[in-house]
Amino acid sequence: MIRVVQAYEGVDDLVRLRRQLHQHPELRFTEKQTAAVLADRLAPIARVRSGVAGTGLVAEIEGRAPGPSVLLRADMDAYPVQDAKEVPWASGNPGVCHACGHDVHMSVVAGVAARLAADPPARGTVTVLFQPAEEIPFGEDSGAAAALADAALRGRRFDAVLGLHCWPDLPVGAVGVDRETAMAAKDAFRVEVLGRAAHAATPALGRDAILGLAGIVNLLHAGVARSRNPHELVAFNIGTIAGGASQSQVAERAEATGTLRTHDEATRARLKEVIERIARQQAAALDLGLRFTWANEMPPVRNAAPLVALAHAELPAVVTVADLTAPPLTTDDFALLGALGPSLYVKLGVTGERGGAPLHSGAFDVDERCIGAGVAALDRLTRAVLAGRLAEAETADVPGARAAGAAPAATSEAVGA
Numbered sequence: 000m001i002r003v004v005q006a007y008e009g010v011d012d013l014v015r016l017r018r019q020l021h022q023h024p025e026l027r028f029t030e031k032q033t034a035a036v037l038a039d040r041l042a043p044i045a046r047v048r049s050g051v052a053g054t055g056l057v058a059e060i061e062g063r064a065p066g067p068s069v070l071l072r073a074d075m076d077a078y079p080v081q082d083a084k085e086v087p088w089a090s091g092n093p094g095v096c097h098a099c100g101h102d103v104h105m106s107v108v109a110g111v112a113a114r115l116a117a118d119p120p121a122r123g124t125v126t127v128l129f130q131p132a133e134e135i136p137f138g139e140d141s142g143a144a145a146a147l148a149d150a151a152l153r154g155r156r157f158d159a160v161l162g163l164h165c166w167p168d169l170p171v172g173a174v175g176v177d178r179e180t181a182m183a184a185k186d187a188f189r190v191e192v193l194g195r196a197a198h199a200a201t202p203a204l205g206r207d208a209i210l211g212l213a214g215i216v217n218l219l220h221a222g223v224a225r226s227r228n229p230h231e232l233v234a235f236n237i238g239t240i241a242g243g244a245s246q247s248q249v250a251e252r253a254e255a256t257g258t259l260r261t262h263d264e265a266t267r268a269r270l271k272e273v274i275e276r277i278a279r280q281q282a283a284a285l286d287l288g289l290r291f292t293w294a295n296e297m298p299p300v301r302n303a304a305p306l307v308a309l310a311h312a313e314l315p316a317v318v319t320v321a322d323l324t325a326p327p328l329t330t331d332d333f334a335l336l337g338a339l340g341p342s343l344y345v346k347l348g349v350t351g352e353r354g355g356a357p358l359h360s361g362a363f364d365v366d367e368r369c370i371g372a373g374v375a376a377l378d379r380l381t382r383a384v385l386a387g388r389l390a391e392a393e394t395a396d397v398p399g400a401r402a403a404g405a406a407p408a409a410t411s412e413a414v415g416a
C-alpha cells in the first residue's frame, strides 16, 4: 500500500488553487493571469519580483540566519490541447489545457513556500521561480533560458536547484528519483525540400518536393533505426508535414519537422550527423534543394549524485520512494537551470485507484492527494539542504530505495479534497 501523507493543514487550499489554475490555463509567455494569482498568494509571505522572463515570478524567503541557498522551480504554461475532462474545474480556455501537470507543479511549490514562511529554516535562503514557457514549439524560445538571462537570476549560484514533474507511471503517494538522467536531450529539426513547380500533366518539367520529402521521411526513420546500437535509448519522430499548393501542380516546396531524443552525448552527435546527411544526400539524388535547420537543442536533465543520495536518505520519512532505473525520453528545459547549481528533478506520482491518462493528453488528470505528497517531499529536501545535510550525503551510499508499490513502515492520514 502506498503511503499518502498529510502535507500540512493548508492542503485543501492548494487543491482549490490547482483547480483555479486548471480552469484558467494560459499558453507560453501569456501567463499573466496565472502570475497575478500566484503573486497575490506570495506577496504576504515573501519578497516577490514580477515580470521575470516576461511573465514569470521570483520570490525570496529568508531563513533566520545566513546559510545555504536553494532554488525551487515550477513551470507555469499550459499545453495547446482541448480539455476532455468532465469536471467543474475543466479548462475554460478552448484548445488550451494543463495537460502536463504544471498546475500541480505551481500548487506544490506555492505550498512549500507557505510552509517555509510559516516555519522559517534556521538558516539559508530559498528562491522560488515560477517559470513561463516550458513547452517549446519549433524554433521558439525556452522560458528557462529567458529566466537565466533575467537580472533576477543572472550570475547567481545555488547549493541545490530542485524541481518536480507529475508522473502518471507512479501511484499517488510515491516520488520517483532517477539515479542520474531524469530527462533526455532533445534536438528539433526542420527539413525544407525545394523543388520546381510544373503542371501535374507535365511532371517532367518540374521537380517534385513532396515526392522528395516522402522519400526523406522514410529514409530518416530507417537510417536512425539502423544507426543506433541496441543498448542506446533513442526516440525519433517526424511530427509535421506540409507542402504543395494544388492537386494539379507538382509541388515546389514541402517541409517536415521532428525531434531526436537521446541520453548519451556520443549517440546524440552521431545520430544528428546521420539525420542531416541522409536528408541532404536524398535531396541531391533527386535534384532538389534542401534547407536543414536544427533548433531547440536541449541537453539532458542530470540529477546530481549528492542530491540523489540526499533524496533517498530524507524522503522515505514522508513519502514512498521509487528508485527509477530506466530514464525516460521526455525532455524539459529544467536542464538549463543546472547552470545555477547541482540539480535534482523528481517524479511525482499522480495516479489513483481510477487510473490515469498520458501526459499531453486532453484526458490527463491527477489524484489531487499528490499535491500534499509533493509539498512534503520538496519541503523535506529543501530543509535538508539548508540544514547542511547535503555535505553528509556526498559521502554516503544511496540506500536501497523501496519499490513504488511496496508497503511502507507506517501510514499517515490521507490528503485531498
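In this text, residue positions in the sequence shown follow numbering that gives the first Met the number 0: the first is 0, and each later residue adds one. Even for Gly, the Cβ is constructed at its ideal location relative to N, Cα and C.
Exercise for the section: Look at the Cβ atom of alanine 234, then the Cβ atom of leucine 309, and state whether they are nearer than 7 Å. Expected result: Residue numbering aside, residue 234 sits at position 235 when the sequence shown is read from its first letter. Residue numbering aside, residue 309 sits at position 310 when the sequence shown is read from its first letter. Their beta carbons are not under 7 Å apart, which means alanine 234 does not touch leucine 309 by this criterion.
Practice task
Please classify arginine 18: does DSSP put it in a helix, a strand, or coil?
Solution key: To locate residue 18, count along the sequence shown from 1; it is residue 19. Reduced to three states, the DSSP call for arginine 18 is helix.
Exercise for the section: Classify glutamate 412 as buried or exposed, calling it buried when 16 or more other Cβ atoms lie within 10 Å of its own Cβ. Expected result: Mapped onto the sequence shown, residue 412 falls at position 413. At glutamate 412, the pLDDT of 30 sits below 50, so the modelled position is not reliable; the number obtained from the coordinates is stated separately. Exposed, by the Cβ-count rule.
Practice task
Answer yes or no: do valine 107 and isoleucine 60 have a C-beta to C-beta separation smaller than 7 Å?
Solution key: For the purposes of this step, residue 107 is identified with residue 108 of the sequence shown, where counting begins at 1. For the purposes of this step, residue 60 is identified with residue 61 of the sequence shown, where counting begins at 1. Their beta carbons are not under 7 Å apart, which means valine 107 does not touch isoleucine 60 by this criterion.
Practice task
Just confirm the distance between the C-beta atoms of valine 69 and phenylalanine 157, as a whole number of angstroms; I'd bet it's less than 8 Å.
Solution key: Your numbering for residue 69 matches position 70 in the sequence shown. Your numbering for residue 157 matches position 158 in the sequence shown. 6 Å between Cβ atoms; contact.
Exercise for the section: Pick helix, strand or coil for lysine 84, following the three-state DSSP scheme. Expected result: Counting from one through the sequence shown, the residue named residue 84 turns up at place 85. Note: lysine 84 maps to coil in three-state DSSP.
Practice task
Rounded to whole angstroms, what's the CA-CA distance from arginine 46 to aspartate 76? Just pull it up for me.
Solution key: Mapped onto the sequence shown, residue 46 falls at position 47. Mapped onto the sequence shown, residue 76 falls at position 77. Cα to Cα, the separation comes out at about 22 Å.
Handout entry: Opposing strand residues paired with proline 170 [DSSP bridges]
Key = In the sequence shown, the residue the question calls residue 170 occupies position 171. DSSP lists Thr350 as partners of proline 170.
Practice task
Report yes or no: do three or more beta-carbon pairs, one from the stretch 241-257 and one from the stretch 200-212, lie closer than 8 Å?
Solution key: yes
Practice task
Please state if the CB of leucine 385 and the CB of alanine 120 are separated by a distance shorter than 7 Å.
Solution key: Within the sequence shown, residue 120 is the residue found at index 121, counting from 1. Within the sequence shown, residue 385 is the residue found at index 386, counting from 1. Just to set this straight, residue 120 is proline in the shown sequence, not alanine. Their beta carbons are under 7 Å apart, which means proline 120 touches leucine 385 by this criterion.
Problem - Length of the line joining the Cα atoms of aspartate 168 and alanine 196 - result: Residue 168 sits at position 169 when you count from the first residue of the sequence shown. Residue 196 sits at position 197 when you count from the first residue of the sequence shown. Spanning the two alpha carbons is a distance of roughly 49 Å.
Practice task
Output the distance between the C-alpha atoms of arginine 18 and glycine 243, rounded to the nearest integer angstrom.
Solution key: Numbered from 1 along the sequence shown, position 19 holds the residue referred to as residue 18. Numbered from 1 along the sequence shown, position 244 holds the residue referred to as residue 243. Their Cα atoms are separated by approximately 44 Å.
Practice task
Measure the alpha-carbon distance for arginine 153 versus histidine 198 and round it to whole angstroms.
Solution key: Numbered from its first residue, the sequence shown carries residue 153 at position 154. Numbered from its first residue, the sequence shown carries residue 198 at position 199. C-alpha separation (whole angstroms): 56 Å.
Handout entry: Simplified DSSP state of isoleucine 215, which is helix, strand or coil
Key = Taking the first residue of the sequence shown as position 1, residue 215 is located at position 216. In the structure shown, isoleucine 215 sits in a helix (DSSP, three-state: H, G or I).
Practice task
Compute the Euclidean distance between the alpha carbons of asparagine 217 and alanine 146, then round it to the nearest angstrom.
Solution key: For the purposes of this step, residue 217 is identified with residue 218 of the sequence shown, where counting begins at 1. For the purposes of this step, residue 146 is identified with residue 147 of the sequence shown, where counting begins at 1. So the two alpha carbons sit approximately 39 Å from each other.
Handout entry: glycine 222, buried or exposed, once every other Cβ within 10 Å from all chains shown has been counted against 16
Key = If you number the sequence shown from 1, residue 222 lands on position 223. Label assigned to glycine 222: buried.
Practice task
State the DSSP-derived secondary structure class of threonine 33, mapped to helix, strand or coil.
Solution key: As a first step, residue 33 must be located in the sequence shown, where it is residue number 34. It is helical.
Exercise for the section: Let me know the secondary structure DSSP gives arginine 276 once reduced to three states. Expected result: Numbered from its first residue, the sequence shown carries residue 276 at position 277. Helix.
Handout entry: Per-residue burial, proline 142 [other beta carbons within 10 Å of its own, 16 or more giving buried]
Key = For the purposes of this step, residue 142 is taken as residue 143 along the sequence shown, with counting starting at 1. The sequence given here has glycine at residue 142, not proline. That one is buried.
Exercise for the section: Taking only the alpha-carbon atoms, compute the straight-line gap between alanine 325 and tryptophan 166 and give it to the nearest angstrom. Expected result: Here residue 325 corresponds to residue number 326 of the sequence shown, with the count starting at 1. Here residue 166 corresponds to residue number 167 of the sequence shown, with the count starting at 1. Computed Cα separation, rounded: 14 Å.
Problem - Burial state of threonine 201 (16 or more Cβ within 10 Å) - result: Start at 1 with the first residue of the sequence shown, and residue 201 comes out as number 202. It is exposed - the Cβ of threonine 201 has fewer than 16 other Cβ atoms within 10 Å.
Practice task
Give me the Cα-Cα distance between isoleucine 215 and glutamine 81, rounded to the nearest whole angstrom.
Solution key: For this step, residue 215 is matched to residue 216 along the sequence shown. For this step, residue 81 is matched to residue 82 along the sequence shown. Roughly 32 Å separates the two Cα atoms.
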